[in-house]
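Asker: The structure's right below; bear with me while I get my questions together.
Right, dumping it as structure tokens:
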């Protein structure tokens, strides 16, 4: 991951940020879905860790539970 990408990932955004309006959230969700579609556990793990860091440092003031942030669990494709 480049330094610029890391900075974008952890730059704090104030208040409650809708994940649908956050470019980094969208990119990370896309990476997680793509990794799952490829059955690439290592890529999925890396994306989940990046999402955790982004939620912690990128959205520090958003104290809503993940289920209240607009994150809906996707049904697994068969």
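Residue numbers (the UniProt record's numbering): 1 to 78.
Think of the CB as a built atom: it goes at the ideal place given N, C-alpha and C, for glycine as much as any other residue.
I'd like the ranges of any alpha helix (DSSP H) spanning at least 4 consecutive residues and lying wholly in the stretch 14 to 66.
Answerer: List check, alpha helix (DSSP H) in window: 23 to 37, 41 to 53.
Asker: Report the CB separation of residue 53 from residue 9 in whole angstroms; it is logged as a contact under 8 Å.
Answerer: Between residue 9 and residue 53 the Cβ distance is about 6 Å, and since that is below 8 Å, they are a contact.
Asker: Answer with buried or exposed for residue 60, where buried requires no fewer than 16 other C-beta atoms within 10 angstroms of its C-beta.
Answerer: Exposed, because fewer than 16 other Cβ atoms sit within 10 Å of the Cβ of residue 60.
Asker: Ordered along the chain, which non-local residues of its own chain (more than five positions away) have a Cβ less than 8 Å from that of residue 32?
Answerer: Closer than 8 Å at Cβ, skipping near neighbours: 44, 47, 48, 51.
Asker: Leaving out the 5 sequence neighbours to the left and right, which residues in its chain are closer than 7 Å to residue 58 when beta-carbon positions are compared?
Answerer: Same-chain partners within the cutoff: 9, 10, 11, 12, 13, 24.
Asker: In whole angstroms, what separates the C-alpha of residue 90 from that of residue 34?
Answerer: Outside the shown range of the chain (1 to 78) lies residue 90, about which nothing can therefore be said.
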